[in-house]
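So the protein sequences, as listed, match chains A and B. Note that the working numbering gives residue 62 to position 62 of the first sequence, counting from 1, and the numbers run on in steps of one. Heads up: take any position in the second sequence, counting from 1, add 366, and you land on the working numbering. For glycine and all other residues, C-beta sits at the position ideal for the given N, C-alpha and C. As the structure is a computational prediction, the values presented were derived from the model and not from experiment. See structure below.
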Amino acid sequence: MVNRMVLQNIMHRPVRTAVSILAVAIEVGMVMLVVGLTTGLLNESAKRVEGVGADVLVQPPGASFFFGLTQAPMPIKIADRLAEIPRVGGVAPALFQFNSTGGLNLIYGIDMESFNRVTGGFVYHSGGPFEQPYDILVDDWYAKANHVKVGQNLSFLNHSFRVAGIVEHGKGARLFIPLKTAQEMSGALDKASIFFVKCTDPGYTDQVITSIHQLLPRYQILSVKEYMSLMSSNNLPAMRAFLTVMILVAVVIGFLVIFLSMYTTITERTREIGILKSLGASKTYIIEAILREAGLLAVIGVLAGIAGTWFARKVILASFPTLSIDLTIEWAGRAALLAMVGSLIGAFYPALRAAQLDPVDALSYE
Amino acid sequence: MEPIIATQDLKKVFRLGKVQVPALRGVDLIVQEGEFLAVVGPSGCGKSTLLHILGGLTNPTSGHVLVDGNDFITMNDADRTRFRRHKIGFVFQRFNLLPTLTARQNIAIAQHIQGNGFNPHRFDAVADMLGIREKLNHKPFAMSGGEQQRVAIARAVICEPKILLADEPTGNLDTENSQIVLNMLRALNRSFRQTILMITHNPEAAAVADRVVRMRDGRVVSD
Ligand SMILES: Nc1ncnc2c1ncn2[C@@H]1O[C@H](COP(=O)(O)OP(=O)(O)OP(=O)(O)O)[C@@H](O)[C@H]1O
Ligand SMILES: [Mg+2]
């Protein structure tokens, strides 16, 4: 019976209902997409680092896991000393360059020969290796997303680069330039941001790490396995804070809209509440009816939000193929729970007010 | 026999800021079970206020009120709500049906609030008696005033209240519909011994009752 009344009420004001549902849906969508985008970004960049094929990563003291945020390079001479360690099969230095015009791009400055030794070499979709200092290699995803062809000129870091080749994605960055060029451009002569170390066999990883620790005590030395497990927003305080703020904003939006929606509802329906009271409806009865209404709006909003997010993901990925958005059931559940709880809390004060209305006043309300 | 309603020196004072408005200045009233009582009097004399107190919608300020053995002075809000739920049926001048629900749902919600669930026999008996069978699936806006008021009466009596309190039930109706509604109240009183307290401005309506109580300035002046 209450359900029927609730249903009639939400159908009675379709615009109010639609706006409330939309707000909850946006709340859910925002939580899922923001989390999906950040984890997608982290997972995808972690996978690319794994794809380099190194076993150990050597970074300067205090470096971030999230490459590109690191700017303190190490002397390149270290590479030679790393190469002398037993069981080390290859050492590839790279200097990170961070390009922020026209989207954020991490560019690796690489020495082709050592990088190939660690990675096993690029697979070229078209074109070939660097021929001149201002040559660039782009991966196939980047090429597809930006309609890049071999021989074309691209502008990065205030320089014009000729696209020498388009390579299979998955080896660290999406863009590669010669190490020397990167060093000259950033004024970091004979420096590198990272050393990718490959062991003669992955089984020697721990042993090699111990040796590198002895050689470079203060440096940050991680096996790629460890690195993969560390690449989550929990280990990146800035990203974690960003996520928390975004989720909070989303929840507050949902809360406020439901609050306002239920608040106007009870004002509009003051007389009806008076009628229910004249029939002997208790406070609990009235609170329950209003919470049910808010709950129903929230449930529909959550379902619409989840469906909408899956759809939005498709649309976003179609227009930005280099992005990746990892949607998980777990986060769908969390977003749904946040939206439900936020909505019920938002509806609670209006419900309480309705329950406390004086029946005679309510009945004479115009 | 115990009267179903007994008030003694019942007073009600409204406070509007600093101003005190005495609405009831000492009402003494005895009503026996099964009586059909009409309450008449000039506008503002306190008729509605008396009805609201007897139905447990408002607190009295002082005096004694016993309704079916319940002393309102000692009852809190929740107690009065429970009392109203089980013992009182209200009918108002403005019908006061829930606008989004059909006639049937309007009647059923009273049974739902009371908590005894849907009773089809009682429902059919009441619907037949009030002649609203054809209109049960209509919403209030699709019914005439007379029909709405009959639905409101059905809703008020569906749970077999001890007392039916009607505040100018014919106030918004034309003569013909007023007559129909009055006949129904009369019939309810006759066939179910339904105790009815009806406020009215209409002498013809008052004539239908067993007894007429006249009020003036917050007191009962003639019985
Ligand atoms: N909520 C209130 N606050 C202040 N004064 C009130 C309130 N309700 C009623 N009154 C006053 O109490 C007095 C009695 O009002 P009541 O509504 O009981 O009169 P009535 O006999 O029903 O009048 P009518 O025939 O016009 O319906 C009036 O003077 C009215 O102004
Ligand atoms: Mg009145």
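*For Gly-308 of chain A, I'd like the list of residues in its chain whose CB is within less than 7 Å of its CB, leaving aside the five on either flank, ordered along the chain.*
Ala-25, Gly-29
**Prompt:** Going along the chain, which residues put their C-beta within less than 7 Å of some heavy atom in ligand 2?
**Reply:** B:Lys-413, B:Ser-414, B:Asp-533, B:Glu-534, B:Ile-565
For Val-579 of chain B and Asn-442 of chain B, I'd like the C-alpha separation in whole angstroms. 29 Å
I'd like the list of long-range same chain contacts for Gln-207 of chain A, defined as Cβ closer than 7 Å, with 5 residues on each side in sequence excluded.
Arg-87.
Chain-ordered neighbours of Phe-456 of chain B on chain A, where CB pairs are closer than 7 Å: Ser-278
Using a Cβ cut-off of 8 Å, pull out every chain A residue sitting near His-487 of chain B, in sequence order please. Within chain A, no residue comes near His-487 of chain B; the closest Cβ sits about 18 Å away, beyond 8 Å.
Item to complete: Check whether the segment 442-455 of chain B touches the segment 277-297 of chain A, taking contact to mean three or more Cβ pairs, one atom from each stretch, closer than 8 Å.
Response: yes
Taking the alpha-carbon of Glu-500 of chain B as reference, which of B:His-478, B:Pro-527, B:Ile-524, B:Thr-468 has the nearest alpha-carbon?
B:Thr-468
Under the assumption that Gly-172 of chain A contacts Tyr-108 of chain A (Cβ atoms under 8 Å), give the Cβ distance between them as a whole number of angstroms. That pair is a contact at about 5 Å.
Checklist entry - Can Gly-392 of chain B and Asp-375 of chain B be called in contact, C-beta distance under 8 Å? => result yes
**OP:** Give the range of the beta strand (DSSP E) segment to which Val-138 of chain A is assigned.
**Re:** 135-139
Proximity test, Cβ basis, 8 Å: Ala-238 of chain A and chain B: No, Ala-238 of chain A lies away from the interface with chain B (no Cβ there is under 8 Å from its Cβ).
Point to revise | Other residues of its chain near Asn-43 of chain A: CB distance less than 8 Å, five sequence neighbours each side excluded | key: Cβ neighbours of Asn-43 of chain A beyond the five flanking positions: Met-231, Ser-324, Asp-326.
If you drop the 5 nearest sequence neighbours on each side, which residues of the same chain put their C-beta closer than 6 Å to that of Ile-247 of chain A? Val-31
Under 7 Å: does the beta carbon of Val-387 of chain B sit that close to some heavy atom of ligand 1? yes
Check your understanding: Taking 7 Å as the cut-off, is the CB of Leu-357 of chain A close to at least one heavy atom of ligand 1?
Key -> no
**Request:** Can you pull the chain B residues whose beta carbon is under 7 Å from the beta carbon of Leu-230 of chain A, in chain order?
**Result:** Simply none; closest approach about 57 Å.
Quiz item: Terminal residues of the continuous beta strand (DSSP E) containing Met-564 of chain B?
Solution: 561-565
_Below 8 Å on C-beta distance, what does Met-5 of chain A contact in chain B?_
Leu-464, Thr-466, Leu-467, Gln-471, Ile-475
Would you tell me roughly how many angstroms separate the C-alpha atoms of Arg-81 of chain A and Leu-41 of chain A, rounded to the nearest one? 34 Å
Regarding Phe-458 of chain B and ligand 1, is the C-beta to nearest heavy atom distance less than 7 Å? no
> Is His-159 of chain A helix, strand or coil when you go by DSSP?
Replying inline: strand
*Per-residue contacts from Val-367 of chain A into chain B (C-beta, under 9 Å)*: Residue 367 of chain A lies beyond the residue range present for chain A, which begins at 1 and ends at 366; the question has no answer from this structure.
Would the C-beta of Ser-409 of chain B count as close to ligand 1, meaning under 7 Å from any of its heavy atoms? yes
Review point. Which residues in chain B sit within 8 Å of Met-262 of chain A, going by Cβ to Cβ distance?
Key: Correct list: empty, because the minimum Cβ distance to chain B is about 16 Å.
Return yes when at least one heavy atom of ligand 1 lies under 7 Å from the C-beta of Phe-461 of chain B, else no.
At a cut-off of 7 Å, the beta-carbon of Phe-461 of chain B does not count as near ligand 1: no heavy atom of the ligand is closer than that.
- Item | At least three beta-carbon pairs within less than 8 Å, the segment 503-510 of chain B to the segment 291-307 of chain A | no
*Could you give the C-beta distance for Ile-419 of chain B and Pro-426 of chain B, rounded to a whole number, given that I count them as a contact under 8 Å?*
5 Å
Q) If you measure from the CB of Leu-382 of chain B, is any heavy atom of ligand 1 nearer than 7 Å? A) Result yes, Cβ under 7 Å from ligand 1.
TODO: Under 8 Å by Cβ, that's how I've got Leu-395 of chain B and Gly-412 of chain B pegged, so tell me the actual separation to the nearest angstrom.
DONE: Your pair Leu-395 of chain B and Gly-412 of chain B does not check out as a contact, with CB atoms roughly 12 Å apart and the cut at 8 Å.
**Request:** Identify every residue that forms a DSSP beta bridge with Cys-199 of chain A.
**Result:** A:Val-88
Please check the pair Phe-122 of chain A and Val-167 of chain A, which I expect to be a contact at CB under 8 Å, by giving their CB distance rounded to whole angstroms.
Contact holds; Cβ gap of about 4 Å.
Which term fits Pro-569 of chain B, buried or exposed, when burial requires 16 or more other beta carbons within 10 angstroms of its beta carbon? If you draw a 10 Å sphere on the C-beta of Pro-569 of chain B, you find fewer than 16 other C-beta atoms in it, and that means exposed.
Shortest alpha-carbon distance to Ile-10 of chain A belongs to which of A:Val-245, A:Val-299, A:Asn-116?
A:Val-299
Measure the CB-CB distance between Thr-561 of chain B and Val-547 of chain B and report whether it falls below 8 Å. No, the pair does not count as a contact, with Cβ atoms beyond the cut-off.
Check: List, in order along the chain, the chain B residues whose C-beta lies closer than 7 Å to that of Pro-359 of chain A?
Finding: Leu-423
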